[in-house]
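Chains as they are written, first to last, in my numbering: chain F, 1 to 139; chain L, 140 to 403.
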Amino acid sequence: AAKAPRRRQPKKSNDLPHPNKLPGIFDDVHAADGRQVCRRHELYVSFQDLGWLDWVIAPQGYSAYYCEGECAFPLDSCMNATNHAILQSLVHLMKPEAVPKACCAPTKLSATSVLYYDSNNNVILKKHRNMVVKSCGCH
Amino acid sequence: WGSGSGSVLRRRLHAGFAQRRLSGGERRDVQREILAVLGLPGRPRPRSSAASRAPAAAAPLFMLDLYHAVAGEEEEEEAVSRPVLTGLSTQSPPPGSVVSRADTVVSLVNMVEQDRDTSSPKPYWKEFRFDLAQVPAGESVTAAEFRIYKARGIARHSNCTLHISIYEIAAEHANRESDLFLLDTQQLRAGTEGWLVFDVTAASSHWLVERRYNLGLRLYVETDSGLSMEPGSVGLLGRRGPRSKQPFMVTFFRASSSPVRATR
Numbered sequence: 001a002a003k004a005p006r007r008r009q010p011k012k013s014n015d016l017p018h019p020n021k022l023p024g025i026f027d028d029v030h031a032a033d034g035r036q037v038c039r040r041h042e043l044y045v046s047f048q049d050l051g052w053l054d055w056v057i058a059p060q061g062y063s064a065y066y067c068e069g070e071c072a073f074p075l076d077s078c079m080n081a082t083n084h085a086i087l088q089s090l091v092h093l094m095k096p097e098a099v100p101k102a103c104c105a106p107t108k109l110s111a112t113s114v115l116y117y118d119s120n121n122n123v124i125l126k127k128h129r130n131m132v133v134k135s136c137g138c139h
Numbered sequence: 140w141g142s143g144s145g146s147v148l149r150r151r152l153h154a155g156f157a158q159r160r161l162s163g164g165e166r167r168d169v170q171r172e173i174l175a176v177l178g179l180p181g182r183p184r185p186r187s188s189a190a191s192r193a194p195a196a197a198a199p200l201f202m203l204d205l206y207h208a209v210a211g212e213e214e215e216e217e218a219v220s221r222p223v224l225t226g227l228s229t230q231s232p233p234p235g236s237v238v239s240r241a242d243t244v245v246s247l248v249n250m251v252e253q254d255r256d257t258s259s260p261k262p263y264w265k266e267f268r269f270d271l272a273q274v275p276a277g278e279s280v281t282a283a284e285f286r287i288y289k290a291r292g293i294a295r296h297s298n299c300t301l302h303i304s305i306y307e308i309a310a311e312h313a314n315r316e317s318d319l320f321l322l323d324t325q326q327l328r329a330g331t332e333g334w335l336v337f338d339v340t341a342a343s344s345h346w347l348v349e350r351r352y353n354l355g356l357r358l359y360v361e362t363d364s365g366l367s368m369e370p371g372s373v374g375l376l377g378r379r380g381p382r383s384k385q386p387f388m389v390t391f392f393r394a395s396s397s398p399v400r401a402t403r
């Protein structure tokens, strides 16, 4: 099951970290009408469940995360929206059947590394780019 | 998504969220897709499983240190070129920038070892042959190191200075000596003990150009006066040494271009 999101104390300094980047601290952010705004959710890929620990040395799995939530007008600052997404959501207000809302997608991805044995017992460390969602936004 | 005790891809399951059970074929497809994302053609099958083989051998120990350094860096998101491996007790770390910019690091353990010792005419040497079949396609070598452990060796030599040289066996001939290509040389006290790291990057240009898959390295030891010494007598350990001190090669690769996923 997903790890309980770590509840971090906001930094003392006045520049609050971007809510989208910290797992869990703003998990239950809702738009005024109760819909969930675009943000990052926990998703854990388990090599253990895949039965791969006979060749994967480390890690046993990794947190990939995913993005989900409404990109509805007004696009709050926390939604990491592009200018285009803001315009698109305005047009969607006027012509909902013609133009869809902007979509909630990763705005920053980072790498993860896997250490494993190959079939010749060589040990290989491979870096895989764009595997972990660092932040989400409306596009 | 998955079977058994948990699901392969675990997300926070809200009340009422139905989890679909995958069929056998779907499970295989899921595994194949994740392997493809990890850049693996198929599921590796090492001769004995990782769990049963505690990482006692030198290469896995070294690579585990490298993994922790790189994984720690990914979390900090400050991939600056600083000496990545701090506190690596057993072995001297490779230069930080080589590690953090590498896409793949391969430690090669499969090798054949051959000695020309005191039962043969001088010069004495020790030879290591590596199977490079696992060189990742579409990636270029940024650095390659040969690591060998030197124990104390015979006491009577301990005061003299040794010159240790590593050559690549460029070409072999039936009736005469092989063609050798000098890669690296080090000078040290005979009583020195610890891991020696030789830069063999220069040999890598031959691997990729000629697609040769067997790299031969030959090691010579000489004194200041040019006297050839048997590598084992000065404490250089080969495959018969303890597992945590056996020689191995480490090669750092960088993806030449963003890997294109095979269409299916």
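All C-beta atoms in this analysis are idealised placements derived from N, C-alpha and C, irrespective of residue type, glycine included.
So which residues on chain L does residue i lean against when the C-beta distance must stay under 7 Å?
{"i": "V37/F", "result": "The contacting residues do not exist; V37/F stays about 16 Å from chain L at best."}
{"i": "I86/F", "result": "What I86/F touches in chain L: nothing, since even the nearest Cβ is about 27 Å away."}
{"i": "A105/F", "result": "The premise fails here: A105/F is roughly 17 Å from chain L at the closest Cβ pair, so nothing lies under 7 Å."}
{"i": "S113/F", "result": "Y206, V209, A210, E213"}
For residue i and residue j, I'd like the C-alpha separation in whole angstroms.
{"i": "S119/F", "j": "I86/F", "result": "51 Å"}
{"i": "I57/F", "j": "E316/L", "result": "42 Å"}
{"i": "R221/L", "j": "V209/L", "result": "In this predicted model, R221/L has a pLDDT of only 31, less than 50, meaning its place in the structure is not dependable; the value taken from the coordinates is given anyway. Between R221/L and V209/L, the C-alpha separation is close to 12 Å."}
{"i": "R40/F", "j": "F47/F", "result": "22 Å"}
{"i": "I305/L", "j": "A313/L", "result": "22 Å"}
{"i": "S144/L", "j": "C104/F", "result": "Confidence in S144/L is poor, its pLDDT being 41 and thus under 50, which makes the residue's placement unreliable; the coordinate value appears in the next sentence. Those two C-alpha atoms are separated by around 31 Å."}
{"i": "V223/L", "j": "R328/L", "result": "Any answer about V223/L is weak, because its pLDDT of 35 lies below 50 and its placement is not dependable; what the coordinates show is given next. C-alpha separation (whole angstroms): 28 Å."}
{"i": "F285/L", "j": "T112/F", "result": "26 Å"}
{"i": "T82/F", "j": "H139/F", "result": "6 Å"}
{"i": "N122/F", "j": "I303/L", "result": "26 Å"}
{"i": "C67/F", "j": "E42/F", "result": "9 Å"}
{"i": "Y206/L", "j": "A282/L", "result": "17 Å"}
{"i": "R160/L", "j": "D168/L", "result": "14 Å"}
{"i": "V360/L", "j": "L177/L", "result": "42 Å"}
{"i": "P185/L", "j": "S364/L", "result": "47 Å"}
{"i": "Y263/L", "j": "G371/L", "result": "10 Å"}
{"i": "A189/L", "j": "P183/L", "result": "Any reading at A189/L needs caution, since the residue's pLDDT is 49, under 50, leaving its predicted position unreliable; the model's value is listed next. Those two C-alpha atoms are separated by around 11 Å."}
{"i": "I173/L", "j": "Q60/F", "result": "14 Å"}
{"i": "I325/L", "j": "S367/L", "result": "Rather than Ile, the amino acid found at residue 325/L in this sequence is Gln. Using only the alpha carbons, I get a separation of about 15 Å."}
{"i": "A175/L", "j": "E369/L", "result": "47 Å"}
{"i": "P23/F", "j": "R129/F", "result": "Any reading at P23/F is ruled out, since the residue's pLDDT is 39, under 50, leaving its predicted position unreliable."}
{"i": "G69/F", "j": "L356/L", "result": "58 Å"}
{"i": "F392/L", "j": "I124/F", "result": "11 Å"}
{"i": "T300/L", "j": "G330/L", "result": "9 Å"}
For residue i, which residues of its own chain have a beta-carbon under 6 Å away from its beta-carbon, when the five flanking residues on both sides are left out?
{"i": "L152/L", "result": "For L152/L, the pLDDT reaches just 48, beneath the cut-off of 50, and the residue's location in the model is therefore unreliable, although a value from the coordinates is still provided. Correct list: empty, nothing qualifies."}
{"i": "S63/F", "result": "Y44"}
{"i": "S246/L", "result": "A198, M202, F387, V389"}
{"i": "K126/F", "result": "V114"}
{"i": "H92/F", "result": "V99, K101"}
{"i": "C38/F", "result": "G69, C71, M79, C104, C136, C138"}
{"i": "F73/F", "result": "S89, L93"}
Hey, would you say the C-beta of residue i is under 7 Å away from at least one heavy atom of the ligand FMN?
{"i": "W55/F", "result": "Looking for the ligand FMN in the displayed structure turns up nothing, as the structure carries no ligands at all."}
With which residues is residue i paired in a DSSP beta bridge?
{"i": "Y359/L", "result": "S304/L"}
{"i": "E283/L", "result": "The question names Glu, but residue 283/L is Ala in the sequence shown. For A283/L, which the question treats as bridged, DSSP gives the partners T390/L."}
{"i": "P104/F", "result": "Contrary to the premise, residue 104/F reads as Cys rather than Pro in this sequence. Answer is C138/F, bridged to C104/F."}
{"i": "G61/F", "result": "S46/F"}
{"i": "N353/L", "result": "D270/L"}
{"i": "E252/L", "result": "F267/L"}
{"i": "K127/F", "result": "S113/F"}
{"i": "Y288/L", "result": "W334/L"}
{"i": "S429/L", "result": "Shown here, chain L extends from 140 to 403; a query on residue 429/L therefore has no answer."}
{"i": "S246/L", "result": "V123/F, V389/L"}
I'd like the list of long-range same chain contacts for residue i, defined as Cβ closer than 7 Å, with 5 residues on each side in sequence excluded.
{"i": "T107/F", "result": "N80, S135, C136, G137"}
{"i": "A394/L", "result": "D242, G277, E278"}
{"i": "A290/L", "result": "E332, G374, L376"}
{"i": "K384/L", "result": "A197, Y288, L376"}
{"i": "T340/L", "result": "V280, A282, A283"}
{"i": "D318/L", "result": "A309, A310"}
{"i": "Q253/L", "result": "E266"}
{"i": "D323/L", "result": "I305, F337, D338, V339"}
Under a CB-based cut-off of 8 Å, is residue i close to chain C?
{"i": "R286/L", "result": "Given the protein chain composition of this structure (F and L), no chain C is represented."}
Report the neighbours of residue i on chain F: residues whose CB is nearer than 9 Å to its CB, in chain order.
{"i": "S246/L", "result": "N122, V123, I124, L125"}
{"i": "G178/L", "result": "K126, H128"}
{"i": "P199/L", "result": "I57, L115, Y117, V123"}
{"i": "A241/L", "result": "L125, K127"}
For residue i, which residues in chain F fall below 7 Å Cβ to Cβ?
{"i": "Q170/L", "result": "L50"}
Can you pull the chain F neighbours of residue i, defined as C-beta to C-beta under 8 Å?
{"i": "L203/L", "result": "I57, A58, L115"}
{"i": "R255/L", "result": "Simply none; closest approach about 27 Å."}
{"i": "R160/L", "result": "The premise fails here: R160/L is roughly 13 Å from chain F at the closest Cβ pair, so nothing lies under 8 Å."}
Counting only the same chain and skipping the five closest in sequence on each side, list residues whose C-beta sits under 8 Å from that of residue i.
{"i": "V132/F", "result": "Y62, S63, A64, Y65, L109, S110, A111, T112"}
{"i": "N353/L", "result": "R268, F269, D270, L271"}
Chain-ordered residues of the stretch 119 to 131 of chain F with a beta carbon less than 9 Å from chain L: S119, N120, N121, N122, V123, I124, L125, K126, K127, H128, R129, M131
Members of the stretch 365 to 385 of chain L that neighbour chain F once the beta carbon cut-off is set at 9 Å: none
Members of the stretch 48 to 61 of chain F near chain L, C-beta cut-off 9 Å: Q48, D49, L50, G51, W52, L53, D54, W55, V56, I57, A58, P59, G61
Residues of the stretch 321 to 337 of chain L whose Cβ lies closer than 7 Å to any Cβ of chain F, in chain order: none
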